[in-house]
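What follows is a set of notes on a single structure, which appears directly below.
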Amino acid sequence: MEKLIDLRRDTITLPTLEMREAAFRSPLGDAVYGEDPKQKELEELAAFILGKERALFLPSGTMGNLVALLTHTQRGNEVILEENAHIFASETGGLAQVAGLMVKTLRGEDGAPEPEDIEKAIRPENIHYPRTALIGLENTHYRYGGIVVPLAKLQKIREVANKHNLPIHLDGARLFNAAIYLGVEAQEIARYCDSVMISLSKGLGAPVGSLLAGTGDFIKEAERYRKMLGGGMRQTGWLCACGIVALSGDNIARLQEDHDNAQFLAEGLQSLPGIKVNRHQVQTNFVLADLSERGLNATVFLERIKEKGVLATKVGEFMIRFVTSREVNREDIAFALQVIKEAIKN
Ligand code: TLP
């Protein structure tokens, strides 16, 4: 087999040559003492791009979200989340285990709960109730196939939050994909939120790292929690140099290619008999394909395409997720479509 065409995740992306060279040349210092020049530079760059006062570099998105929860809330508080939010579904229950939070989940098919539902879920002051302390949003929404929360909805949620004096945290692991889809700068989305976490290690291609941004006061407190969780790293310059490349030049704009490739894949899949793709959901770099009409089990399908060098992920008995990234080009996708065409023949 010549090459694996890996459509499982965008976290598989490898650092570019430019990143590797920047890492190699990077000066280093002890970041816990604020002495790593590249970490400082990256944190300042991220804060600027996100339109926030300060940002913190962290090893992962999971830690970034957890630090945000710890900073915004107190133990025993309640956080409102969409019921398939990554923070709720895929972060090992850190919000309960570490932050001591209760959760109120609400459904939101387009990635965020309805503003009216959020308002209804906010607890009135009552000795019997936990206090609602935070609204958590996710954009793009991972489990709904990378869909984008519309700006008008964010604005309405912001109004509810203001009315009840509640902060909003945004899990923006793929915030730049959302921004590209909406044709706006990332800060146009981040401005509706008090804090925002972004990932460098997904479509942007850096090997490791996330940033958490917010006001100066928020970040001052968040810095303590980062340290507490073990996120105070030392000579981070190699990683941060990659992160700076990830946020510079046309690296963010390049995500459009991943979106275009996802459209190409969706179109190809849709033209195959018995494969259903909800094209409305294909907004960024994810494609969800439903094989139920074909009666083809996802596990069997994945084994068949794997034999020919194509990888994807099972997300339901008959549901497959494909994710495009810089590791796959148009030719790879055309090849994957050929393989898929063969695999669905009985
Ligand atoms: N998601 C991972 C897995 O954990 C599922 C993936 O393969 O994409 N928020 C969102 C919306 C995410 O998709 C992820 C990663 C995270 C947070 C956590 O980021 P990391 O993996 O850096 O801890």
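Under the numbering used here, the residue at position 13 of the sequence shown is numbered 13, and the numbers go up by one with no gaps. Virtual Cβ for every residue (Gly too), placed ideally from N, Cα, C. All values derive from a computational prediction rather than experimental measurement.
Query - Per-residue DSSP class, three states only, for VAL300 - result: helix
Query raised in the report: For the putative contact between ASN139 and LEU255, defined by C-beta atoms under 8 Å, what is the C-beta separation to the nearest angstrom?
Result: Not really, about 14 Å apart at Cβ, beyond 8 Å.
Query raised in the report: Any heavy atom of ligand 1 closer than 8 Å to the CB of ASN65?
Result: yes
Query - Near ligand 1: MET319 beta-carbon under 8 Å from a heavy atom - result: no
Query raised in the report: So the alpha helix (DSSP H) LYS227 belongs to, where does it begin and stop?
Result: 216-228
Query raised in the report: Hey, is the region 162-171 in contact with the region 237-245, meaning 3+ C-beta pairs nearer than 8 Å?
Result: no
Query raised in the report: In three-state terms, what does DSSP make of ASP6?
Result: strand
**Report entry** CA nearest to the CA of GLN155, picked from ARG191, LYS202, SER292 and HIS280
**Finding:** ARG191
Query raised in the report: Does ligand 1 have a heavy atom nearer than 8 Å to the CB of THR62?
Result: yes
Query raised in the report: Since GLU138 is in the alpha helix (DSSP H), which residue starts that stretch and which ends it?
Result: Here GLU138 belongs to no alpha helix (DSSP H); instead the beta strand (DSSP E) covers 132-138.
Requested in this report: Tell me whether ASN65 is buried or exposed, calling it buried when 16 or more other Cβ atoms sit within 10 Å of its Cβ.
Outcome: buried
Query raised in the report: I think GLY108 touches VAL148, with their Cβ atoms under 8 Å apart; what is that distance to the nearest whole Å?
Result: With a Cβ gap of about 12 Å, GLY108 and VAL148 do not count as contacting.
Query raised in the report: For the 8 Å Cβ check, are there 3 or more pairs between the region 45-60 and the region 200-215?
Result: yes
Report task. Spell out the partners DSSP gives GLU82 in its beta bridges. Result -> LEU106
Requested in this report: Name, in chain order, the residues that DSSP records as bridge partners for MET197.
Outcome: ASP171 and LEU212
Query raised in the report: Can you find a heavy atom of ligand 1 that lies under 8 Å from the Cβ of HIS86?
Result: yes
Query raised in the report: In this structure, what does DSSP give as the bridge partners for ALA241?
Result: Paired residue(s): none; ALA241 is not in a bridge.
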